[in-house]
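Under my numbering, residues 258 to 962 are what the sequence shown spells out, in order.
The beta carbon of each residue, even a glycine, is placed where N, CA and C say it ideally should be.
Heads up, the thing below is written out as C-alpha cells.
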Amino acid sequence: MKRLLYLLPAWALILSSCNPNPQSEPLSSPGGNNTIDFFLSPEGQPMYRITHGGKVVIDTSSMGFEFEDQAPLSTGLEWIATERTSMDETWEMPWGEQREVRNHYNEMTVTLQEAAAPNRSLDIRFRAYDDGIGFRYEFHAQPGQDSLRITDEHTAFQLTGDHTAFWIPGDWDIYEHKYNTTPVSGIDAISKRDNEDLAATYIPENAVNTPVTLRAANGVHLAFHEADLTDYAGMTLKVDTAALRFDSELVGSERTGYKVKRALPFHTPWRTVQIADRAGDLIESRLIENLNEPNKLGDVSWFQPMKYVGIWWEMHLGVSTWDMEATQDMNTFSTLGKDQTSSKHGATTANTKRYIDFAAANGFGGVLVEGWNTGWDHWIGFEDREGVFDFVTPYADYDLEEINRYAREKGVEMIMHHETSAAPRTYEQQMDTAYALMQHYGMHAVKTGYVGKIIPKGEYHHGQWMVNHYRKSLETAAKYQVAVNAHEPIKATGLRRTYPNAIAREGLRGQEFNAWATDGGNPPEHLPIVAFTRMLAGPIDFTPGVFEISLPTKPDNQINTTLAQQLALYVVIYGPVQMACDLPQNYEGQPAFQFIRDVGVDWEQSRVLNGEVGEYLTIAREERETGNWFVGGITDENARELEVDFSFLEDGVTYKARIYRDTEASHYQNNPTDIAIEETEIAKGDTRTFALAPGGGFAISLLRE
C-alpha cells in the first residue's frame with residue numbers, strides 16, 4: 258500500500274513504502290532516461306545498478322564500509338523503510354556559466370539496519386536526474402557511540418565494457434599530471450610515479466582521480482566524481498583492470514591511520530555519475546552544483562567577475578624572481594620554474610604600477626602580484642616551513658599603501674596572493690589578520706597556494722584534514738568579503754553554490770607547465786580533454802593569453818597552441834576570473850588583443866555547439882547584461898574543420914562579428930602566431946565553417962549593434 262501526499266509545487270510528492278523488505282526499488286529520473294535500481298543481496302549487502310535509455314551502464318555494484326575498532330558494515334542488513342520525494346526548482350547563480358539553473362530530480366531514501374547486534378543503521382539517499390545519478394550514505398546516531406572512524410569506503414562502479422578512459426592518476430597530493438587516454442584495462446597509475454616536474458606527489462596504488470570520464474563503444478559518456486565534499490576525505494577510484502571496475506579509495510592519513518573521523522550523525526559526500534549521449538552534455542550538466550546546499554552567504558555582489566593581469570608569468574619565464582634576495586634554487590622546486598637566471602625582484606612598487614596602468618588602459622578589473630611579502634627567500638628546500646611566510650608584511654621595495662592608493666585612483670582592484678608553502682597551520686594562525694588587511698584595502702579576491710608536501714608530515718592535500726583546512730579558509734574569507742581562488746587545491750565539488758566566494762581554483766596542469774616542464778609542456782590534446790574532465794568539477798584558473806608563444810627566454814619550451822587557440826580559451830575554459838597572463842609589452846601593437854579586451858567573464862547562458870573528448874570543442878556563451886555572445890573553438894594536434902550554427906542568437910538582431918582564426922600557414926609547432934582577423938555581420942540562422950590548424954582554434958566576438 259502506498260499513499261500520496263501533495264505539497265508545494267517544488268515538492269511534487271512523497272511516497273512511503275510499508276513493505277519492510279522489498280526485492281528491489283527502482284528510481285527513475287523525471288524524464289525517465291536514467292534509472293537506478295537498489296536491492297539487497299542474499300547476504301544482506303546493499304547493491305545497485307544504473308540504466309540509461311533502458312540499457313545498463315553501471316552493472317551490479319556493491320556498497321559497504323570498514324571502521325577502526327568495530328566490524329565492517331556491508332552485509333547482514335535488512336530493509337526497514339523507503340521514502341520518495343521529488344523536486345523541481347530553479348535557482349540563480351550569482352556568477353557562473355549561466356544565470357538560472359534548474360534542479361529537477363526524483364529522490365529515494367532507503368533505511369537499512371543490521372539484523373544482529375549492535376543493530377547499526379543508515380540511510381542511503383539516491384537522486385535521479387536526467388543528466389546523471391547521485392547517492393550518499395547517511396549514518397544515524399548509534400547507542401553508546403558518538404563517532405565513527407572510517408578506514409575504507411567500498412563503493413563499487415561495475416563497468417559494462419572496456420571503455421575509453423580519460424584519466425590522471427589517483428595522486429593524494431596533486432592533480433597536475435598529464436591526462437592519459439587508454440582503455441580502462443590499460444590504466445596504469447603506478448607508472449606515473451616520481452614525476453620530476455611535480456612539487457609533491459604520492460600515488461599509493463592503481464587509482465584515478467576524479468572527475469574521470471569514459472566513452473563507451475556505443476557513444477554513451479560517463480563521468481565519475483563527487484559532490485559536496487565536506488569534512489571527509491577526497492575520493493579516488495581504485496581500478497580493477499581485469500574486472501573493469503572502479504572502487505572508491507579514500508585519501509588517507511599516516512598520522513592517524515584512519516581516513517575519516519566524524520561525529521554521529523553525519524552524511525558522506527555524494528557519489529556522482531554524469532551520463533550523456535553527447536559529449537557536450539557533460540559540460541552543460543549542472544548535476545554537481547545541484548547536489549550542494551543553497552547559498553549560505555547571501556549577497557556576494559562585493560565580488561565581481563573580472564579579467565586581470567599580474568606579476569606572475571615573468572617569474573616563470575625567468576625574467577624576474579619571487580624573492581627579493583634572489584637566492585632561490587629553482588631546480589629544487591620545479592613547480593616554480595626551472596633555470597631562473599634573473600636576480601631582479603618582480604614585485605616592486607614601480608613594476609606593479611606598470612601593470613596597474615596596463616589594466617586600467619585596457620578595461621581590466623584587477624592586478625595580481627606574487628612575491629610581494631616576506632618569506633620567499635628562505636622557503637624552498639626547507640623541511641620545516643612553519644612560520645616562514647608573513648601574510649601582512651611586504652618586502653622593502655613593495656609599498657603596499659601606495660600601490661593600493663594608486664590602484665584605487667586608476668579604478669583597478671588589487672588581487673592578494675598568499676603562498677602557504679603547504680604549511681596550513683601557519684596560514685590558519687594568520688588568516689583573520691591577513692583577510693582583515695585585505696578588507697582594509699578593499700581587496701576582494703585572494704589567490705592561495707599550497708606548493709610542496711603538507712606540514713604536518715603524514716597529511717596529504719586531498720585528505721580530510723586538508724579538506725577541512727580549505728573549508729576554513731573559505732568560511733573565514735567570507736567574513737571579510739574575500740573570494741578565494743585556490744591553487745594546489747582540493748578538487749572542486751560544487752561548493753561554489755553554497756559558498757559563492759569559492760570563485761575558482763587550479764587543480765590541473767596549468768599554463769605554467771608550458772614554460773618549464775621537462776616533458777615539453779602541455780600537449781595539444783590537453784585542453785580538449787580538460788574541458789570534459791577537470792572542468793566538470795568547477796571553474797578553472799588556467800591563465801590563458803600567451804602571445805609570445807615561442808618563449809625566447811625558454812629555448813627548450815614553447816606553448817603548444819596557436820595564437821587563435823589562446824584567444825578561444827577565454828570562452829572554452831570557464832572561470833569567473835580570467836588572466837591575460839603574458840607580459841604587457843607582448844600585447845602592444847597586437848590587433849588580436851582586442852578579443853581579450855572584449856570577451857566577457859560572466860555569462861547569461863552557455864551552449865556547447867560540438868565536441869569530442871580529447872579532440873575538439875566549440876562553446877558559445879552569452880554575456881550577462883549586454884547580450885553579446887562569444888564563441889571559442891579548439892582542436893588537438895589534428896587540423897580539422899568545424900561548422901558553427903548560429904541559431905542560438907536572438908531573433909531579429911544583427912551582430913557585428915569579429916573573427917580571429919588560424920590561417921592556412923598556422924601550426925602550433927612552427928608558425929603559431931599566424932592569425933587572420935576579419936569583420937562581418939552574423940544573424941540567427943547563419944552558419945560558418947572554420948578551418949582549425951593543428952593545435953589551433955578560433956574565437957568570435959558577436960556584439961549587438
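Annotation for alanine 499: Ser442 place their beta carbon closer than 8 Å to its own, counting only its chain and skipping 5 residues before and after. Leaving aside the five residues that flank threonine 366 on each side, the residues in its chain whose CB is nearer than 6 Å to its CB run, in chain order, Glu340, Asp380, Arg382.
In the same chain as aspartate 855, and ignoring 5 residues on each side of it, the C-beta atoms closer than 6 Å to its own belong to Ser958, in chain order. Per DSSP, the unbroken alpha helix (DSSP H) holding aspartate 855 starts and ends at 850 to 855. Under the rule that a run must span 3 or more residues, the beta strand (DSSP E) segments found entirely inside the segment 643 to 724 read 670 to 676, 702 to 706. Contact annotation: asparagine 771 and glycine 764 have beta-carbon atoms that are not nearer than 8 Å.
In this structure isoleucine 407 is not in contact with methionine 792, their Cβ atoms being roughly 30 Å apart against a cut-off of 8 Å. Cα atoms of asparagine 552 and aspartate 451: separation of roughly 41 Å, rounded to the nearest angstrom. Proximity to isoleucine 932 across Val530, Ser730, His478, Gln823 peaks at Gln823, based on C-alpha coordinates. Looking at the DSSP output, isoleucine 381 shares a beta bridge with Val367, Tyr394. Judged by pairs of C-beta atoms under 8 Å, the segment 943 to 960 touches the segment 879 to 888, as three or more such pairs exist. If the five residues before and after proline 468 are omitted, its C-beta is found closer than 6 Å to the C-beta atoms of Ala480, His482, Thr790, Leu793, Ala794, all from its own chain and listed in chain order.
Apart from the 5 residues on each side of it in sequence, tyrosine 515 sits with its Cβ closer than 7 Å to the Cβ of Glu325, Arg406, Ile407, Thr408 in its chain, given in chain order. Annotated as distal: lysine 714 and alanine 457, with beta-carbon spacing of 8 Å or more.
Residues of the same chain with a CB within less than 7 Å of the CB of threonine 439, apart from the 5 flanking positions on each side, are Ala422 in chain order. For the options Ala618, Val649, Glu659, the alpha carbon positioned closest to that of glutamine 687 is the one of Val649.
Cβ neighbours of alanine 533 within its own chain (closer than 6 Å, five residues either side excluded): His478, Leu539.
Annotated three-state conformation of arginine 762 is strand, per DSSP. Straight-line measurement puts the Cα of glutamine 327 at about 16 Å from the Cα of leucine 334.
Exposure of isoleucine 337 is indicated by the presence of fewer than 16 other C-beta atoms within 10 angstroms of its C-beta. Between tyrosine 305 and leucine 544, the C-beta spacing is not below 8 Å. 8 Å or more divides the Cβ of tyrosine 912 from the Cβ of alanine 821. The shortest C-alpha to C-alpha distance from asparagine 547 to any of Tyr684, Ala484, Pro809 is the one to Ala484.
Contact check for valine 708 and valine 741: beta-carbon distance about 16 Å, past the 8 Å limit, so the pair fails to qualify. Contact between arginine 393 and threonine 525 holds, since their C-beta atoms are separated by about 5 Å, short of 8 Å. In the DSSP annotation of this structure, the continuous segment of the beta strand (DSSP E) that includes aspartate 409 starts and ends at 404 to 410. Distance from the Cα of valine 508 is smallest, within the candidate group Pro522, Ala520, Lys518, Met492, for Met492.
The beta carbon of glycine 802 is closer than 7 Å to those of Gln823, Met836, Ala837, Cys838, Asp839, Ile853 in its chain, skipping five residues each way along the sequence.
The C-beta separation of phenylalanine 296 from serine 286 comes to about 19 Å, leaving the pair out of contact by the 8 Å criterion. Spatial neighbours of alanine 825 in its own chain (CB-CB distance under 7 Å, excluding positions within 5 residues in sequence) are listed in chain order as Gly889, Gly890, Ile891, Gly954, Phe955, Ala956. For the options Thr609, Glu550, Lys601, Gln561, the alpha carbon positioned closest to that of isoleucine 568 is the one of Thr609.
Rounded to the nearest whole angstrom, the CA to CA distance from glutamate 627 to glutamate 582 is 15 Å. Taking C-alpha positions only, alanine 374 is separated from phenylalanine 414 by approximately 29 Å.
DSSP lists Phe296, Ser319 as the beta-bridge partner residues of methionine 304. The Cβ atoms of aspartate 403 and leucine 521 lie closer than 8 Å to each other.
The beta-carbon distance between glutamate 357 and threonine 347, rounded to whole angstroms, is 5 Å. This is short enough to meet the 8 Å contact definition.
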